Amino acid sequence: MTEQAVSRTVAEVRCALEEHDYLADEGLATAVLLALELQRPLLLEGEPGVGKTEVAKTLARWTGGELIRLQCYEGIDIGQAVYEWDYSRQLLHLRTAEATGDAAGVDAETLENELYSPRFLVKRPLLQAIDHGDGQPPVLLIDEVDRADDEFEAYLLEMLSEYAISVPELGRFEAPVPPIVVITSNRTRDVHDALKRRCLYHWVEHPGLEREIAIIARRTTEVPDRIIRQVAAAVGQFRTLGLYKPPGVAESIDWAQSLGRLGAAALDSTLAEATLGTVIKYREDQERVREHGLDTIVEQALRA
Amino acid sequence: MTETEGALVESRHLDHMVVGFVAALRDAGLTVPVGSTIVFRRSLELVGVDRSLAVYWAGRATLVTCPEDLDVFDAVFDAYWQHRDQPGEQPEPEIEHLTIALDDGADDGEGGEVADEPDVVLRWSPAEVLREKDFALCSNDELEEAQRLMMRMRFATRLRPSHRHEPARHDRGRDDLRRTVREALRTEGEPMRRATTVKRQQPRRLVLLLDVSGSMESYARALLRFIHAAVVARRRVEAFALGTRLTRLTKELSSHDPDQAFRQATGAVVDWSGGTRLGAVLTDFNDQWGVRGMARGAVVVVLSDGWDRGDPGVLGEQMARLHRVAHRVVWVNPLKSTPGYAPLAGGMAAALPHVDEFIEGHNLASLEQLAAVVAA
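Encoded structure:
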């Protein structure tokens with residue numbers, strides 16, 4: 019992708035994502051197109067395992083920009099997300115100046131300016147994404163923003179509306195070209211309205227049967243088509259059983275891959291029972307699946 | 220949503236169309252800020268307006284901010300873009316005007332105490348009586364008075380160490396190189412004092428689940444006022460109504476005006492005084508919010524009489540799930556004070572093994588006790 023590729027269409031975005039192994043529906047492709055063209059962050063919400071994080075990775079592969087990932091967690095702060103001074107090296111620098119006698123010759127202000135120079139600055143993901151230099155803008159993935167707390171969200175909002183970061187001791191860093199920003203949330207709590215307003219929003223759903231088959235086929239090696247079709251059909255059924263943790267696409271891929279590794283030609287209930295742990299990961303959920311009858315699910319999947 | 224090929228709108232009318240569509244969405248109850256309208260307008264230039272599906276997805280990406288709004292968006296979209304002869308131009312009267320009930324209350328309290336000495340005496344004694352009076356027997360005036368007393372309660376929860384650090388006053392905790400270096404600069408680079416940090420303390424989240432089914436009718440309104448007092452009193456409080464379905468009330472109750480909050484909340488709960496599906500609704504809570512993160516490490520309070528027409532096994536199982544992730548689970552049952560009451564009703568009996576504290580909730584005094592239990 020080059021800078022002059024100005025007016026893309028939704029279809030082109032879909033093709034480009036597909037070339038880089040992500041099968042998007044029209045809604046997601048539209049949201050991605052708008053995010054790129056309007057230079058706004060893209061907020062993706064949805065059940066765990068529907069492929070939110072993968073969107074950012076694919077965008078990085080497509081645009082050739084570096085993927086910079088910030089994993090949020092409760093209590094994340096500026097030092098871990100934006101920048102930090104390398105204190106031990108600063109101390110060492112002071113000591114060296116002292117030892118070589120340089121410190122005696124200069125006044126405190128010069129010494130202090132030396133200490134707060136870019137070489138002692140440790141850039142964390144957000145600053146890296148802003149201060150990326152020339153060339154292709156990076157893809158900034160802010161993962162699971164719902165885990166961070168309100169104060170951090172407020173900071174994010176400020177940074178995302180200006181694409182600039184101030185370091186008091188050094189000055190302002192501005193992105194020559196804004197990075198492509200993808201924010202994901204599992205909805206353990208509501209993301210603040212102001213942040214949502216700043217973003218383009220897309221709710222990511224589980225893929226339909228045919229799209230899931232296509233996704234599994236792309237992401238696995240040496241798995242017979244038949245197995246893939248059956249896995250996708252069975253997983254689709256698991257999702258209707260009201261499980262605590264309905265299997266996502268990642269689980270379907272794992273399951274198909276493990277069945278392929280076992281050299282299976284077709285799914286049967288013994289195999290399904292033996293490999294159930296790769297796709298259903300809670301004891302209660304496994305019990306519910308067995309209660310419903312693994313045999314019936316497999317049988318129906320065979321007909322798919 | 221059906222796809223229609225061909226020109227949907229002429230572009231010179233586009234501004235009009237966009238504004239009209241957003242107005243229709245607002246009428247239907249969506250919050251659409253002006254900024255989003257502008258972004259939507261620019262998006263249409265990018266995706267084109269010759270296919271309704273393109274307009275649809277552009278609208279979803281720019282005007283909708285949560286999955287709950289999708290149904291409304293779909294309905295308004297169909298109505299507006301497919302039959303655009305009658306755009307929703309009949310805005311329903313909004314309930315915007317505030318009542319003066321709060322002012323009334325303040326006058327009552329302060330005016331009475333300051334201006335009229337004997338009144339103070341008179342006021343205190345009813346307050347004492349009121350503390351012990353069953354909510355089901357209270358008049359409307361008494362409930363209002365009770366509410367004022369609730370607003371004075373404190374809703375602290377136990378602190379837990381956060382991941383953040385703060386400067387320590389004495390020499391304890393972890394070394395803080397940042398401050399050590401900063402202070403060393405003042406003394407020609409010689410670190411005279413070693414600065415340290417300790418983990419900051421943060422209150423645990425408080426999650427309140429109120430049963431609004433028919434059997435709770437005499438208590439639900441009083442308890443809702445209690446919950447409102449908790450939501451506005453501090454941060455990190457979440458409130459839900461449990462009826463035949465789950466309704467999140469945190470936003471509705473965040474208004475400081477109790478009457479407005481109360482109206483918004485009762486308006487949001489479509490199944491007020493309806494049936495009970497306690498187990499099923501608790502399943503929804505666990506799936507959508509609780510186990511995902513909201514209840515993790517939190518103090519969870521269930522305010523319910525435990526009547527459940529569903530399978531008690533489901534309620535027991537869901538309480539067990541909740542108990543596994545929560546810091547503490549408190550069950551408040553207004554019927555507990557009734558002489559001869561034993562928690563034998565199917566749901567209540569199934570839930571009890573997974574409850575840390577089981578307390579009454581029929582009057583002010585018991586709610587004060589609840590506030591104390593939550594803080595323990």
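So the protein lines, in turn, are chains V and S.
The working numbering puts the first residue of the first sequence at 19, with every later residue one more than the last.
The working numbering puts the first residue of the second sequence at 220, with every later residue one more than the last.
Backbone N, C-alpha and C fix where the C-beta goes; we use that ideal spot for every residue, glycine too.
The model shown is predicted, which means the values in this text are computed figures rather than measured ones.
query, result
"Output yes or no for whether 8 Å exceeds the beta carbon distance between THR415 (chain S) and ARG401 (chain S).", "no"
"So, does the CB of THR314 (chain V) fall closer than 8 Å to a CB anywhere in chain S?", "no"
"Would DSSP call SER432 (chain S) helix, strand or coil?", "coil"
"Which ranges does the beta strand (DSSP E) cover as unbroken runs of at least 3 residues, wholly within the region 354-386 of chain S, from first to last along the chain?", "378-386"
"Can we count SER473 (chain S) as close to the ligand PLP, meaning its CB is less than 7 Å from some heavy atom?", "With respect to small molecules bound, the structure shown includes none, and the ligand PLP cannot be examined in it."
"Which two residues bound the contiguous beta strand (DSSP E) that contains ALA458 (chain S)?", "456-461"
"Is the distance from the Cβ of GLU44 (chain V) to the Cβ of LEU272 (chain S) below 8 Å?", "yes"
"Below 8 Å on the Cβ atoms is my guess for PRO143 (chain V) versus ALA193 (chain V); work out the distance and round it to an integer in Å.", "13 Å between Cβ atoms; not a contact."
"Which residues mark the beginning and the end of the alpha helix (DSSP H) in which LYS75 (chain V) is found?", "70-81"
"Along the region 247-273 of chain S, what residues have a CB closer than 7 Å to any CB found in chain V?", "PRO252, GLY254, SER255, VAL258, ARG261, SER262, LEU265, VAL266, LEU272 and ALA273"
"Is LYS214 (chain V) close to chain S, meaning its C-beta is less than 8 Å from at least one C-beta of that chain?", "yes"
"With 8 Å as the limit, tell me which residues of the region 270-298 of chain S have their beta carbon closer than that to any beta carbon of chain V; keep them in chain order.", "LEU272, ALA273, TRP276, ALA277, ARG279, ALA280, THR281, VAL283, THR284, CYS285, PRO286 and LEU289"
"Spatial neighbours of ALA282 (chain V) within its chain, please: CB distance less than 7 Å, with the 5 preceding and 5 following residues excluded, ordered by chain position.", "ILE245 and LEU289"
"Once you ignore the five residues that flank HIS220 (chain V) on each side, which residues in its own chain have a CB closer than 8 Å to its CB?", "GLY45, LEU46, ALA49, LEU60, LEU61, LEU62 and GLU63"
"From which residue to which residue does the alpha helix (DSSP H) around GLN507 (chain S) run?", "Taken as a continuous stretch (DSSP letters only), GLN507 (chain S) belongs to no alpha helix (DSSP H), as it is neither H nor E."
"Restricting to Cα atoms, I'd like to know which of V:ASP167, V:ASP161 and V:ARG205 is closest to PHE504 (chain S).", "V:ARG205"
"Got a sec: which bits of the region 393-406 of chain S sit with their beta carbon under 8 Å from any beta carbon on chain V, in order along the chain?", "LEU396, ARG397, THR399, VAL400, ALA403 and LEU404"
"What residue does the beta strand (DSSP E) around GLN421 (chain S) start on, and which one ends it?", "415-422"
"Which of the three DSSP states, helix, strand or coil, is assigned to THR466 (chain S)?", "strand"
"By a C-beta neighbour count over all protein chains shown, 10 Å radius and 16 as the cutoff for buried, is MET513 (chain S) buried or exposed?", "buried"
"Hey, how far is the Cα of CYS357 (chain S) from the Cα of GLY580 (chain S)?", "14 Å"
"Between which two residues does the beta strand (DSSP E) containing SER101 (chain V) stretch?", "Sequence check: residue 101 (chain V) is Tyr here, not Ser. Unbroken beta strand (DSSP E) run through TYR101 (chain V): 101-103."
"Is there a C-beta anywhere in chain V that falls below 8 Å from the one on SER474 (chain S)?", "no"
"Enumerate in chain order the residues of its own chain whose CB-to-CB distance from GLN154 (chain V) is below 7 Å, with the five nearest sequence positions on each side excluded.", "THR81, GLY82 and GLY83"
"Throw me the rounded Cβ distance for the ALA232 (chain V) and LEU41 (chain V) pair, which I believe falls under 8 Å.", "5 Å"
"What did DSSP end up calling TYR560 (chain S) once you bin it into helix, strand or coil?", "coil"
"The region 363-391 of chain S: which residues have C-beta closer than 9 Å to a C-beta of chain V, in chain order?", "SER381, HIS382, ARG383 and HIS384"
"For GLU317 (chain V), does the count of other Cβ atoms within 10 angstroms reach 16, so buried, or fall short, so exposed?", "exposed"
"In angstroms, rounded to a whole number, what distance separates the CA positions of THR466 (chain S) and MET538 (chain S)?", "18 Å"
"So, with DSSP's three-state summary, where would you put VAL195 (chain V)?", "coil"
"Closest by CA to VAL241 (chain S), which one among S:VAL268, S:ARG383 and S:VAL295?", "S:VAL295"
"Can the beta-carbon of ARG379 (chain S) be found closer than 8 Å to that of GLY278 (chain S)?", "no"
"Applying a beta-carbon distance threshold of less than 8 Å, which residues of chain C neighbour GLY512 (chain S)?", "Absent from the structure is chain C; the protein chains it does hold are V and S."
"Excluding five sequence neighbours on each side, which residues of the same chain lie with their C-beta closer than 6 Å to the C-beta of HIS316 (chain S)?", "Confidence is the limiting factor: at HIS316 (chain S) the pLDDT is only 31, short of 50, which leaves the residue's position unreliable, though a coordinate-based value still follows. No residues qualify anywhere along the chain."
"For the alpha helix (DSSP H) containing HIS235 (chain S), list its first residue and its last residue.", "233-246"
"Once you ignore the five residues that flank LEU218 (chain V) on each side, which residues in its own chain have a CB closer than 6 Å to its CB?", "ALA49, LEU52, ALA53, ARG58 and LEU60"
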